[in-house]
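There are 2 protein chains.
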Amino acid sequence: MTKQQDNQEIVLAKRPSGVPDQSTFEFRDIDVPKLKEGEVLLKSIYVSVDPGMRGFMDKGDDDDRGNKYELGKPITSRSVAQVVESRSKKFTKGDIVYGRLDWKKLQSFNADKLEKVNPDLAPISTALSILGVTGLAAYFGLIKIGNPQKGETVVVSGAAGSVGSVAVQIAKLKGCKVIGIAGSKEKIDYLENELGIDKGINYKKTNNMAKALKDACPNGIDVFFDNVGGEIADDVLEILNKNGRIVICGQIAEYNDENPPKGPRPQHALIQKSARMEGFVVFDFKDEFEDAKNQLSKWYNNGQMKYKENLIEGFENIPSAFIGLFSGDNIGKQLVKISEIEKQ
Amino acid sequence: MTKQQDNQEIVLAKRPSGVPDQSTFEFRDIDVPKLKEGEVLLKSIYVSVDPGMRGFMDKGDDDDRGNKYELGKPITSRSVAQVVESRSKKFTKGDIVYGRLDWKKLQSFNADKLEKVNPDLAPISTALSILGVTGLAAYFGLIKIGNPQKGETVVVSGAAGSVGSVAVQIAKLKGCKVIGIAGSKEKIDYLENELGIDKGINYKKTNNMAKALKDACPNGIDVFFDNVGGEIADDVLEILNKNGRIVICGQIAEYNDENPPKGPRPQHALIQKSARMEGFVVFDFKDEFEDAKNQLSKWYNNGQMKYKENLIEGFENIPSAFIGLFSGDNIGKQLVKISEIEKQ
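For the record, the sequence lines run as chains A and B.
Here the first sequence stands for residues 1 to 344, where the numbers follow my numbering.
Here the second sequence stands for residues 345 to 688, where the numbers follow my numbering.
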């Protein structure tokens with residue numbers, strides 16, 4: 001391997017207590033790797049930073065799905081990259097791919113663990129938002145599990161988030177009355193005025209959520225798309241309709257396994273309402289990803305589906321972008337743009 | 345109306361505190377009613393006594409499905425009766441019917457609120473067990489909601505009860521490994537030796553239910569048919585398999601609405617396992633009752649479905665039969681036989 005000054009990685013320098021800061025991270029100069037058979041060399045284009053990554057920075061236990069970061073090893077996050085060199089039949093030079101990549105300017109990667117991004121569907125950064133796992137989670141969770149029917153009332157918690165903002169739009173497209181719960185005036189404005197939901201509820205400014213939900217949903221609730229859990233879920237259960245459906249979205253899977261929070265047991269209400277509470281992760285629907293992406297991109301290209309992304313430029317600004325998630329109150333997906341696509 | 349000494353009713357004389365005794369009930373001589381158009385005169389044949397009725401003896405609040413008994417008014421329970429006289433086109437003299445009837449020897453009843461019992465399917469008392477709402481609850485809950493597949497592991501709580509004992513047998517007929525949870529050695533023996541389940545767990549003699557379930561279910565649990573709720577349900581959730589299904593059966597609907605018990609929130613586990621928790625009441629499947637009765641009676645007549653009933657004879661012994669539910673540890677449906685069928 002030849003030492004090259006233009007490759008860099010960002011590793012976990014120490015495990016943060018509380019909110020991470022710059023000392024959590026360390027930049028290192030690294031070599032450009034040589035490829036093995038079946039690998040591709042990737043140049044990072046867009047890197048996604050998500051609040052959920054904070055959990056991966058803690059010391060690991062044997063969690064099923066927890067990919068805890070190792071000290072001194074690169075941070076990983078969902079990223080879009082371009083193939084610079086290929087020793088795999090799956091990809092050729094210039095292809096755009098999506099995967100959970102290291103925070104590196106250039107890296108080798110097993111081609112089998114990457115998905116191709118089709119630049120004809122929509123801007124390639126949407127592979128990290130509406131056409132990525134968050135958009136797909138909204139799509140499958142709402143349509144396959146929530147199964148909302150025209151005229152029904154759909155409530156979405158975390159409604160301005162990356163999953164919720166897609167879920168509310170799909171629910172509107174399905175002809176439902178849509179109530180969104182979020183935590184700031186800006187988010188409520190965005191939901192009501194830009195995404196066109198029927199009513200937003202700012203839970204931080206609402207003393208009595210049960211009453212606010214009752215007022216907003218005079219016909220009860222048919223589908224609850226739950227990104228959050230907790231007491232709001234209890235309030236929803238109270239006014240869930242007969243045959244109601246509660247979609248438990250993978251977003252809150254970072255809960256500590258050992259100590260699930262306690263609350264009123266839902267069993268009684270589920271019987272009373274002949275209702276269903278169902279969890280899922282987006283990969284349960286892997287076989288249908290392509291169809292869903294086609295539908296989502298069609299809605300996007302028809303102007304029926306909006307999304308918002310906040311872009312910060314430069315590899316050196318990835319840690320700042322991540323740290324900023326915990327102070328600001330941004331609406332939309334936070335992305336870092338590392339480099340331009342090279343046209344082939 | 346003519347006074348006739350041979351008609352009697354049993355009314356709620358006072359609301360019991362704790363276990364009911366004879367002073368809870370009062371026998372009254374009553375007239376034989378005259379029929380209005382659309383009514384039938386019924387002679388009670390079999391009266392069912394169920395532990396759940398105890399809840400109806402408490403002072404009522406506005407519960408959805410709670411039919412609280414009124415002081416000085418007849419107790420009601422699920423019963424099989426014969427039509428003695430008819431002013432309805434729906435039934436003719438001699439027909440056997442099922443309904444929630446008053447504890448009366450003879451009574452008039454709205455024909456629209458009765459279901460016909462087909463004596464050709466199975467003994468007519470099965471309308472209060474395997475061919476009645478408890479058997480139907482087991483059938484629909486297990487098949488439609490639990491949807492067990494051959495080779496899967498099914499756990500049933502309250503397994504020796506009127507619903508559970510049918511559920512375990514259907515699960516065996518579907519080719520599943522079946523674990524039953526019950527509260528006495530006699531019940532476990534009955535489940536293992538007479539109903540042929542793979543393993544019974546006596547929860548009253550088991551200190552560590554989580555471990556007992558793990559030992560009994562080395563391949564995890566695919567379907568949990570829950571008649572009981574509470575901490576056992578938490579233990580099951582721990583070893584529920586991917587795509588597991590938890591059937592919440594209407595049996596526990598007597599919980600006090602105002603104070604649902606607290607426990608670990610199931611949401612996290614439901615996501616981790618892409619699992620479903622679903623409540624139902626048997627009347628959700630009303631349109632399919634006939635098909636289900638045909639299937640259940642076929643199994644019964646082929647010797648593939650067993651049931652056990654305990655018969656006490658005589659109208660005057662209904663209160664004793666009911667009181668006995670709270671002291672004895674009987675297996676099988678407790679019935680009181682009031683009179684013989686009159687052949688037409």
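We treat Cβ as the ideally placed atom computed from N, Cα and C, and that holds for glycine.
Between which two residues does the alpha helix (DSSP H) harbouring A/Ser-297 extend? First-last of the alpha helix (DSSP H) with A/Ser-297: 289 to 301.
If we ignore side chains and look at the alpha-carbon of each, how far apart do A/Ala-111 and A/Val-83 end up? Taking the straight line joining both Cα atoms gives about 10 Å.
Within chain B, partners of A/Asp-284 - CB distance below 7 Å: The answer, in chain order, is Ser-618.
Nearest candidate by alpha-carbon position, reference A/Val-117, set A/Asp-215, A/Glu-290 and A/Gly-230: Cα-wise, what sits closest to A/Val-117 is A/Glu-290.
Quick one: which unbroken beta strand (DSSP E) runs of 3-plus residues sit fully inside the region 50 to 97 of chain A? Chain order, please. DSSP runs (the beta strand (DSSP E)) wholly in the region 50 to 97 of chain A: 76 to 86.
So which residues of chain B does A/Glu-278 contact, with C-beta pairs closer than 9 Å? Neighbours of A/Glu-278 across chain B, judged by C-beta separation under 9 Å: Leu-614, Ser-618, Ala-619, Arg-620, Met-621 and Glu-622.
Contact between the region 130 to 138 of chain A and the region 156 to 163 of chain A is defined here as three or more beta-carbon pairs at a separation below 8 Å; is this criterion met? Result yes; three or more Cβ-Cβ pairs closer than 8 Å.
Give, in chain order, every residue of the region 360 to 379 of chain B whose Cβ lies closer than 9 Å to some Cβ of chain A. Listed in sequence order: no entries.
A/Arg-54 versus chain B: which residues are under 9 Å apart at the beta carbon? None at all; the shortest Cβ gap to chain B is about 17 Å.
Within the region 558 to 624 of chain B, note down every full alpha helix (DSSP H) run reaching 4 residues or more, in order along the chain. Here the runs fully enclosed are 575 to 582 and 611 to 616.
For a test of the three-state rule: what should DSSP assign to B/Tyr-390, helix, strand or coil? B/Tyr-390 falls in the strand class under three-state DSSP.
Looking only at C-alpha atoms, which of B/Leu-445, B/Lys-378 and B/Gly-416 sits nearest to B/Ala-357? Selected option, being the one with the closest Cα: B/Gly-416.
Measuring CB atoms only, is the region 578 to 589 of chain B touching the region 199 to 217 of chain A, in the sense that at least three cross pairs come out at less than 8 Å? The region 578 to 589 of chain B makes no contact with the region 199 to 217 of chain A: fewer than 3 CB pairs, one atom from each, lie closer than 8 Å.
If you count every other CB in all the chains shown that lies within 10 Å of the CB of A/Val-49, and 16 or more means buried, which is it? Flag for A/Val-49 reads buried.
Which of helix, strand or coil DSSP assigns to B/Leu-385: Residue state, collapsed to three classes: strand.
Starting from the Cα of A/Gly-230, find the closest Cα among A/Asn-208, A/Gly-263 and A/Arg-28 and give me that residue. Among A/Asn-208, A/Gly-263 and A/Arg-28, the Cα nearest to that of A/Gly-230 belongs to A/Gly-263.
Counted within 10 angstroms of its Cβ, other Cβ atoms place A/Thr-126 as buried (16 or more) or exposed: Buried: at least 16 other Cβ atoms inside 10 Å.
If we call anything under 8 Å between Cβ atoms a contact, is B/Tyr-442 one with B/Glu-459? Yes; because the gap between Cβ atoms is below 8 Å, this pair is in contact.
Which residues in the same chain have their Cβ closer than 6 Å to the Cβ of A/Asp-6, if we skip the five residues on either side of it in sequence? In its own chain, leaving out the 5 sequence neighbours on each side, no residue places its CB closer than 6 Å to the CB of A/Asp-6.
Minimum C-alpha distance to B/Phe-659 - residue among B/Tyr-644, B/Glu-383 and B/Lys-681: Ranking B/Tyr-644, B/Glu-383 and B/Lys-681 by Cα distance to B/Phe-659 puts B/Lys-681 first.
May I ask which residues mark the beginning and end of the beta strand (DSSP E) holding B/Gln-451? Run containing B/Gln-451: 450 to 454, per the beta strand (DSSP E) assignment.
I'd like to know if B/Lys-555 contacts chain A, where contact means its C-beta is closer than 8 Å to some C-beta of that chain. With 8 Å as the cut-off, B/Lys-555 does not count as an interface residue toward chain A.
Assign A/Phe-56 to one of two classes, buried (16 or more other C-beta atoms within 10 Å of its C-beta) or exposed (fewer than that). Taking all protein chains in view, the Cβ of A/Phe-56 is crowded by 16 or more other Cβ atoms within 10 Å, so the residue is classified as buried.
I'd like to check one pair, B/Ser-501 with B/Asn-571: are the Cβ atoms closer than 8 Å? With a cutoff of 8 Å on beta-carbon distance, B/Asn-571 and B/Ser-501 are scored as near each other.
Could you work out which residue in A/Gln-149, A/Pro-261, A/Leu-106 and A/Lys-205 is closest to A/Pro-74 when comparing CA atoms only? With respect to the C-alpha of A/Pro-74, the residue from A/Gln-149, A/Pro-261, A/Leu-106 and A/Lys-205 having the closest C-alpha is A/Leu-106.
For B/Glu-353, decide whether its Cβ has a neighbour in chain A, counting only Cβ atoms nearer than 8 Å. Not a single C-beta of chain A is nearer than 8 Å to the C-beta of B/Glu-353.
Please report whether the beta-carbon of A/Val-281 lies at a distance below 8 Å from any beta-carbon of chain B. So, interface residue.
On the three-state DSSP scale, how would you describe A/Asn-310? Looking at A/Asn-310 - three-state DSSP - the assignment turns out to be strand.
Against A/Ile-232, what residues of chain B qualify as contacts under a CB-to-CB distance less than 9 Å, listed in chain order? None at all; the shortest Cβ gap to chain B is about 12 Å.
Apply the 10 Å Cβ neighbour rule to B/Asp-365 and answer buried if 16 or more other Cβ atoms are within range, or exposed otherwise. Exposed, by the Cβ-count rule.
Taking only beta-carbon atoms, is B/Lys-606 less than 8 Å away from chain A? Yes, B/Lys-606 lies at the interface with chain A (some Cβ there is under 8 Å from its Cβ).
Reduced DSSP category for A/Gly-180 - H, G, I as helix; E, B as strand; rest coil: Reduced to three states, the DSSP call for A/Gly-180 is strand.
Anything in the region 557 to 575 of chain B with a Cβ closer than 9 Å to a Cβ of chain A? List those residues in chain order, please. Of all residues in the region 557 to 575 of chain B, those with a C-beta nearer than 9 Å to a C-beta of chain A are Asp-570, Gly-573 and Gly-574, reading in chain order.
Taking all protein chains shown into account, do 16 or more other C-beta atoms lie within 10 angstroms of the C-beta of B/Pro-492, making it buried, or fewer, making it exposed? Classified as buried, B/Pro-492 has 16 or more neighbouring CB atoms from the shown chains inside 10 Å of its CB.
Hey, out of A/Met-305, A/Ile-323, A/Asn-317 and A/Ser-339, whose CA is closest to A/Ser-129's CA? Check the Cα spacing between A/Ser-129 and each of A/Met-305, A/Ile-323, A/Asn-317 and A/Ser-339: the tightest is with A/Met-305.
Below 6 Å CB to CB, which residues in the same chain sit around A/Arg-245 once its five sequence neighbours on both sides are set aside? Short of 6 Å from the beta carbon of A/Arg-245, and not among the five residues preceding or following it, lie these beta carbons of its own chain, in chain order: Gly-146, Val-223 and Arg-276.
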